[in-house]
Amino acid sequence: MRIAYGADDENETTRAVVGYLNAKGHEVVPATASESWPEIGEAVGRAVVSGEADYGVVLCWTGTGTAIAANKVPGVRAALAWEPWIAKGARRWNDANVLALSLKRLAPDVAVEVVEAFLDPTEPDQDEAANIARLDAIG
């Protein structure tokens, strides 16, 4: 799988996430060299929507800024997750295609568990198909 990636800082959490993605055989596609969280969110979102990447992972201090920026790109459904259940649910019930994480508040091992849950091959819940379609109609 090709994963668009961007973070506005580097620490043990970001290194753990990238290390996990590489170890699992995913191709990590750095979306931008910028350290500006709005540019990171936008670049990752555009890479996912264009098909350059299958999914995206963004990290900033809280994860919120990169999620907001990514969600400005039409077709992106970025979800901020802090535990595996949230990440898995975001894929299943919201068909999220970008995962946003806090690089300051998530321990490296928890961040890896969240990414693993997000990338688990879960099909969107068909009971939510109308709601997911409605998301694409907003705007």
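Quick note: the sequence shown uses our numbering, first residue 890, plus one each step. Glycine is no exception: its CB is placed at the ideal position from the N, C-alpha and C atoms.
With a CB to CB cut of under 7 Å and the five nearest residues on each side skipped, what residues in its chain are close to residue i?
i    : result
L969 : G952, T953, A956 and A989
E901 : P997
A922 : none
Closest by CA to residue i, which one among the options?
i     : options                    : result
G930  : G895, G978 and W982        : G895
A932  : V907, P963 and K913        : P963
L1024 : Y909, R891, V999 and N986  : N986
P927  : M890, Y909, A1022 and W950 : W950
P1013 : R981, V918, A1000 and D943 : R981
A942  : V907, E1017, R891 and N960 : R891
Checking the sheet assignment: what are the DSSP bridge partners for residue i?
i    : result
S991 : C949
G895 : V947
L969 : A989
P919 : Y894
How would you write the range of the alpha helix (DSSP H) that residue i sits in, first residue to last?
i     : result
I929  : W926 to S939
P997  : P997 to L1008
I1021 : A1018 to A1026
Distance, Cα to Cα, residue i vs residue j?
i     : j     : result
A893  : P1010 : 17 Å
N1020 : L910  : 30 Å
Once you ignore the five residues that flank residue i on each side, which residues in its own chain have a CB closer than 8 Å to its CB?
i    : result
A905 : P997, D998, A1000 and V1001
With a CB to CB cut of under 6 Å and the five nearest residues on each side skipped, what residues in its chain are close to residue i?
i    : result
A995 : The amino acid occupying residue 995 in the given sequence is Leu; Ala does not appear at that position. Here the set comprises T902.
K993 : W950
In terms of residue numbering, what span does the beta strand (DSSP E) encompassing residue i cover?
i    : result
V907 : Run containing V907: none in the beta strand (DSSP E); it sits in the alpha helix (DSSP H), E901 to A912.
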